[in-house]
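> Residue numbers (our numbering), protein chains in the order written: chain A, 21 to 347; chain B, 21 to 347; chain C, 752 to 1091; chain D, 752 to 1091.
Backbone N, C-alpha and C fix where the C-beta goes; we use that ideal spot for every residue, glycine too.
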Ligand SMILES: Cc1ncc(C[n+]2csc(CCOP(=O)(O)OP(=O)(O)O)c2C)c(N)n1
Ligand SMILES: Cc1ncc(C[n+]2csc(CCOP(=O)(O)OP(=O)(O)O)c2C)c(N)n1
Ligand SMILES: [Mg+2]
Ligand SMILES: [Mg+2]
């Protein structure tokens, strides 16, 4: 990957800003859930912050992304409005989806966040269609499909990559490989060493990178995005990472390999990036503290507003089923 | 493939016998359909005779196969009883499926022909399950999944190959690549050069052979079958071939590449094998004529018996829906 | 008559109105829609002209006229076909996706039910999925157990997707234009045996959700759609000779279905028979019969009769296939039973 | 009472009968079945012990006891999971496949409907598919639009597959043993909110196709299954205090359903309410109401009431989710409406 582009100082700082928002937001969600204030299935992205942050610095608002139940990191990195996010998590009428979607179906078209699905694999066929739309628009837009290592074994993966490659669609298939699918370690899901090796079977480039390394992740994403914008077709990126909070908040985690977990913890990408920013003189300790405080304040505001907002009325069951309200 | 086993003289002759039965049976089916005596959707295997013939000489009755609507060649090669075959095509109670299945669902468990499906791709997951059963039985049985080039792009292909490789199941995934899926040439279905290249993505061996060449097809099948019997897992074989009668009997064929078609016709595997048997002194002209006459007589008998047999009674609609007849 | 498709009124059915088959009518509707709106797309197996414009030629000429960027033949990948259509729809286009036969729709159920039908609701109305899924089915051609099922009941039971099933070329044209214009996903069910019967096509829009009284009568109401509608009209004709006056209502839209038209007719006749080719048990006839019973209790002279296929897979053998699906005689017998 | 599960009779419900939760009862049934027959297999995502024996622990201990050849955790591949089960079944085994949540069954519809349900018929009885598909669903835990649908109506409309949905641990044990012994495919629907309520388990087989009068009454019959059964019993208890005598029939098997037991009860009470958590339109209540109406016309005092979910996707927000699915109050109101 030596010939891949690297993020400059300003970009690295922006990656840190996005990743920090994700991390602090995750901590706040967990705090609110522990306090019983939020009740929902929560799939924490803690540990995977760098991936969408290093990707999104190369995306515009009108680039499309489709993500999954574990996708709040993907959204925040792309600029999902915090206020509507929290209102949605709290099930309020002021949420982006009026409380109808919840954490697994967060949507924000103005920012290009078109679809969030709770069905494993299903982000890929839809992102392929958004890629087709983007190609027809002729505006050099790209479409990103986020999915996990487990999703790489479902049929929708195969059909989508084949179709996107055949039609030369501007799609980035981003596999966030956190080594587990619920309680299933990758050893129980496939034989092949790298999921990116499957790209060859579709005639598209595939690459495996350390998704927790801002340089590697930024470089791979940038190259794939430019290839897509240039009309050269899709790319499969396998970003290696780890889930620090297990699959679903509140689970035991007993099934996880202790050493693997410990090693991952030692390599938590967040403190590593923070230390690097300081050591490389990209940002002073004070500057970072200011950024972190600022983010905390934004979250405070979003949380407060969310819990003050009204719940949707039962009449909402008749709205948005179809464009025309049901009589 | 130089190190692959080659069929001996007796085996080559047996391959010719099977292939001739397939070819003559196909010609008779078409004759009966033209005469309006048989009314059914018919997917002619003409041109693909060598593939199942060179495969089946290495299979036993209790090895499993799953095939598709275009599968009469696979069945006849494995020993499907001609009488029950014709009775089924004629929709009679004496057919293997009592007339309920028809040409797309031919089944004969005694000969290991467990499932024939009309759904593209669906032979693969089921053959994978039969492979699991075979492995549990511990009798070194193998399970063969037949499918086409078009089927290699559907999700079931991906899930099945991944699972079979992961579980080291004794399955042979046999892709009969006749260059077309209905009216769709492979150029419209995928980018990758060889479908067998996809095997690497599942960690299983994959090979592309000239399916119309008895030596190549026999060798590849033999190696895959032995690997499966030895408990080493599945193999993907892509057998290159051609459909001489188009997709469905009666279609125009206008969509086909004229030169490609002409070239394929010039390389019709049947006369080539026949000439080889004579030139290599494996069988005399007279011996071959005797074989061909004998097959013709068997077909005569099957056809006559089929049309004399009774149709199923409407009460059959209540039988075989469940093991227990519906009251 | 409660005929919402005005151009179908007698005076309009005049000389200058072209006669065409169902295949030609749907093909014309697709041509007109693609011509009228550059956002309309077509995708599916074999739909482009290099693949002969569809196995039955329903999409013939479209790719030649509008290009292979808008009209795409696809690999055999039903999940990706519907997924691509959903994505394109969410991205502002109006795709018409073909699933060659209704049984193959089973491969794409997740895309249709969990996504196409739900994205508008789950996004709180921020996104919508204006797409049409064309599919073909119907017994009668000995295609056996996996090629001729009617599965409309599954989709009628699913909130967020509309279901239509024309019985004639005129409605096929009008419903296709309406389905493409509709802001929500519409499943468009075509009957194979009905493909080649020519009939006048007025090129009028047929509103989704409106049934049609195709024949007026006073003794009993028959409610049907697709091929069963054609059978029912023939039966009504035959029974008229025997002095039985049958009113025939063509559902046209199965979900959301036209309760007003159906109830008005049964309120008048007091008797009803619901006919569909799908398996009778748990079929759409049960919902229609239940609503009629709930709404017209007291008016209804006897329970609603339901006619549907046998409880089995579609058999191959001709005599069995004929016994499996409702035939004109079956419908006539049910009508007489309801009048006995 | 028409109670086919004899051990459930009062005298049997004595001290020595163990109390357990639905999770424990199903787990025990699987253990007992695997112990009794080496041909019984289990497969699905997370089902083996290295993956914690199922997300809810329903398959805990099986792989440790019977080995990972018979109890296999799978990749996320619903088509291959069902396909592998079908192949194993055709090959002489009795697989119990888990599809984690009912909405994910949409991914494997082709395997279930075109294959598992049809192979016996299409092969003229030469092959059979003795498999069980376990799946879990139900609103109430804010899991939103893609994790809590009830889709039983689709499968009841499909010939060749049976559908059961226990409402309590005792039936769960008995139906699971019967489903595994059944020569045909059985869809076994588990309700998430009902998982952890302990109740006595007699370990008796519960025959497929037999409903149960869970509470006798004389004024009206309520027909329900799964969680709606639990709600209905609670409502009946409450209404008894108001002097309303409600008979409650637990369907237990949805297809083929027990017409005799249901009709006998409604013949006695003259009034019926059918309740299910699935969307009301085109739900199983329509078929049951239609058959009751057809069979008891004249005896029936008023139309059968149907109670089901709203016509929308399952919403996330708690107040909406509560308004979406039938609650005890909704059922009580329907009963009173039917008695008014
Ligand atoms: C089709 C389908 N099958 C099963 C599930 C249940 N499920 C939810 S998340 C998950 C694991 C997915 O793992 P992976 O793809 O690696 O993504 P991650 O959760 O690790 O980010 C499973 C099995 C589902 N949602 N959809
Ligand atoms: C899931 C599904 N989609 C579409 C079809 C319609 N169809 C039947 S055969 C066929 C082409 C299959 O081509 P290929 O896999 O190459 O096999 P071949 O017919 O060439 O032997 C198609 C699209 C089907 N039967 N099943
Ligand atoms: Mg993962
Ligand atoms: Mg082919």
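Go ahead and pull the three-state DSSP assignment for residue 826 of chain C.
The residue given as residue 826 of chain C occupies position 75 in the third chain. Coil.
> Considering only heavy atoms of ligand 3, does any lie closer than 7 Å to the CB of residue 942 of chain D?
Taking the fourth chain and counting its residues from 1, the one referred to as residue 942 of chain D is at position 191. It does not: the Cβ of residue 942 of chain D is nowhere closer than 7 Å to a heavy atom of ligand 3.
> Kindly indicate which residue of A:78, A:67, A:47, A:63 has the alpha-carbon position closest to the one of residue 27 of chain A.
In the first chain, the residue the question calls residue 27 of chain A occupies position 7. Among A:78, A:67, A:47, A:63, the Cα nearest to that of residue 27 of chain A belongs to A:78.
> Who are the Cβ neighbours of residue 942 of chain C in its own chain at under 6 Å, not counting the five residues just before and after it?
Taking the third chain and counting its residues from 1, one reaches residue 942 of chain C at position 191. 889, 977, 978, listed in sequence order.
> Counting contacts by CB-CB distance shorter than 8 Å, is residue 755 of chain D in contact with chain B?
By 1-based counting over the fourth chain, the position of residue 755 of chain D is 4. Per-residue confidence for residue 755 of chain D stands at a pLDDT of 41, beneath the threshold of 50, marking its modelled position as unreliable; the derived number appears in the next sentence. No, residue 755 of chain D does not count as interfacial toward chain B.
> Say whether the segment 202-220 of chain B touches the segment 127-138 of chain B, bearing in mind that this needs 3 or more beta-carbon pairs closer than 8 Å, one atom from each stretch.
Verdict: no, contact absent.
> For residue 84 of chain A, which residues does DSSP report across the bridge?
Here residue 84 of chain A refers to the residue found at position 64 of the first chain. Answer by DSSP bridge pairing, in chain order: A:163.
> So residue 186 of chain B contacts chain D; which residues on that side make the cut at Cβ distance below 8 Å?
For the purposes of this step, residue 186 of chain B is taken as residue 166 along the second chain, with counting starting at 1. Neighbours of residue 186 of chain B on chain D, chain order: 826.
> From D:787, D:1003, D:1017, pick the residue whose C-alpha is nearest to that of residue 915 of chain D; which is it?
As a first step, residue 915 of chain D is located in the fourth chain; it is residue number 164 there, counting from the start. Selected option, being the one with the closest Cα: D:1003.
> In whole angstroms, what is the alpha-carbon distance linking residue 793 of chain D and residue 882 of chain D?
Stepping through the fourth chain from its first residue, residue 793 of chain D is reached at position 42. Stepping through the fourth chain from its first residue, residue 882 of chain D is reached at position 131. Spanning the two alpha carbons is a distance of roughly 10 Å.
> Residues around ligand 4, please: the condition is that the C-beta lies closer than 6 Å to some non-hydrogen atom of it.
In chain order, the qualifying residues are B:168, B:169, B:170, B:198, B:200, B:201.
> Hey, could you find the ends of the alpha helix (DSSP H) residue 783 of chain C is sitting in?
Walking along the third chain from the start, residue 783 of chain C turns up at place 32. First-last of the alpha helix (DSSP H) with residue 783 of chain C: 773-787.
> Looking at the C-beta of residue 832 of chain D, does it have a partner C-beta in chain C at a distance below 8 Å?
The residue you call residue 832 of chain D lines up with position 81 of the fourth chain. So, not an interface residue.
> Within 10 Å of its beta-carbon, does residue 162 of chain B have 16 or more other beta-carbons around it, so buried, or fewer, so exposed?
Translated into the one-based positions of the second chain, residue 162 of chain B becomes position 142. Its Cβ being crowded by 16 or more others within 10 Å, residue 162 of chain B is buried.
> Does DSSP put residue 902 of chain D in a helix, in a strand, or in coil?
As a first step, residue 902 of chain D is located in the fourth chain; it is residue number 151 there, counting from the start. Coil at residue 902 of chain D, not helix or strand.
> Once the 5 residues before and after residue 284 of chain A are set aside, which same chain residues still bring their CB inside 6 Å of it?
Reading the first chain from its first residue, position 264 is the one you call residue 284 of chain A. Taken in chain order, the residues that qualify are 262.
> State yes or no: is the C-beta of residue 796 of chain C nearer than 7 Å to some heavy atom of ligand 2?
The residue you call residue 796 of chain C lines up with position 45 of the third chain. Yes, ligand 2 has a heavy atom inside 7 Å of this Cβ.
> Which same chain residues end up closer than 6 Å to residue 333 of chain B when comparing Cβ atoms and leaving out the 5 residues on each side of it in sequence?
Counting from 1 along the second chain, the entry for residue 333 of chain B is found at position 313. Cβ within range, chain order: n/a, list empty.
> Residue 327 of chain A by DSSP, collapsed to three states: which one?
Residue mapping note: residue 327 of chain A aligns to position 307 of the first chain, counting from 1. In the structure shown, residue 327 of chain A sits in a helix (DSSP, three-state: H, G or I).
> What number of angstroms, rounded off, separates the C-alpha of residue 113 of chain B from the C-alpha of residue 61 of chain B?
Position 93 of the second chain, counting from 1, holds the residue named residue 113 of chain B. Position 41 of the second chain, counting from 1, holds the residue named residue 61 of chain B. Approximately 19 Å between the Cα atoms of the pair.
> Do the CB positions of residue 1019 of chain C and residue 893 of chain C come within less than 8 Å of each other?
Here residue 1019 of chain C refers to the residue found at position 268 when the third chain is read from its first residue. Here residue 893 of chain C refers to the residue found at position 142 when the third chain is read from its first residue. Not in contact: residue 1019 of chain C and residue 893 of chain C (Cβ atoms no closer than 8 Å).
> Hey, is residue 164 of chain A close to ligand 1, as in C-beta under 7 Å from one of its heavy atoms?
Indexing the first chain from 1 puts residue 164 of chain A at position 144. False, no ligand heavy atom lies under 7 Å from that Cβ.
> Do we get a CB-CB distance below 8 Å when we pair residue 762 of chain D with the residues of chain C?
Here residue 762 of chain D corresponds to residue number 11 of the fourth chain, with the count starting at 1. Reliability of the predicted coordinates at residue 762 of chain D is poor, the pLDDT of 45 falling under 50, and no value is obtained from them.
> Going by beta carbon distance, what residues of the same chain come within less than 7 Å of residue 305 of chain A, once the five residues before and after it are set aside?
The sequence position of residue 305 of chain A within the first chain is 285, counting from 1. Only 298 meet the Cβ criterion.
> If I measure Cβ to Cβ from residue 5 of chain A and keep anything under 6 Å in the same chain, skipping five residues before and after, which residues do I get?
No information on residue 5 of chain A is available, as it lies outside the stretch 21 to 347 that chain A covers here.
> What are the residues in the segment 111-131 of chain B lying within 9 Å of chain C by C-beta distance?
Answer set for the segment 111-131 of chain B: 111, 112, 113, 115, 117, 118, 119, 120, 121, 122, 123, 124, 125.
> Which of the three DSSP states is assigned to residue 1120 of chain C in this structure?
With chain C running from 752 to 1091 in the structure shown, residue 1120 of chain C is simply not present.
> For residue 179 of chain B, which residues in chain C fall below 8 Å Cβ to Cβ?
Counted from its first residue, the second chain places residue 179 of chain B at position 159. Those do not exist, as residue 179 of chain B stays about 11 Å from chain C at its closest Cβ, beyond 8 Å.
> Helix, strand or coil for residue 197 of chain B, going by three-state DSSP, please let me know.
Within the second chain, residue 197 of chain B is the residue found at index 177, counting from 1. Three-state result, residue 197 of chain B: strand.
> Is any beta-carbon of chain C found at less than 8 Å from that of residue 908 of chain D?
By 1-based counting over the fourth chain, the position of residue 908 of chain D is 157. Yes, residue 908 of chain D counts as interfacial toward chain C.
> Please list, in chain order, the residues of the segment 828-862 of chain C that have any C-beta partner in chain D closer than 9 Å.
Under the 9 Å Cβ criterion, the segment 828-862 of chain C contributes 829, 830, 854, 855, 856, 857, 858, 859, 860, 861, 862.
> Could you spell out the range, first to last residue, of the alpha helix (DSSP H) harbouring residue 156 of chain A?
Here residue 156 of chain A refers to the residue found at position 136 of the first chain. From DSSP, the alpha helix (DSSP H) with residue 156 of chain A extends over 143-157.
> Are the Cβ atoms of residue 855 of chain C and residue 139 of chain B separated by less than 8 Å?
Residue mapping note: residue 855 of chain C aligns to position 104 of the third chain, counting from 1. Residue mapping note: residue 139 of chain B aligns to position 119 of the second chain, counting from 1. Taking 8 Å as the Cβ cut-off, residue 855 of chain C and residue 139 of chain B qualify as a contacting pair.
> Three-state secondary structure (DSSP) at residue 224 of chain B?
Taking the second chain and counting its residues from 1, the one referred to as residue 224 of chain B is at position 204. Residue state, collapsed to three classes: coil.
> Just list the residues that DSSP pairs residue 998 of chain D with in beta bridges.
Your numbering for residue 998 of chain D matches position 247 in the fourth chain. According to DSSP, which records beta bridges pairwise, residue 998 of chain D is partnered with D:972.
> Going by DSSP, what residue range makes up the beta strand (DSSP E) through residue 881 of chain D?
As a first step, residue 881 of chain D is located in the fourth chain; it is residue number 130 there, counting from the start. It is not in any beta strand (DSSP E) - residue 881 of chain D carries neither H nor E in the DSSP assignment.
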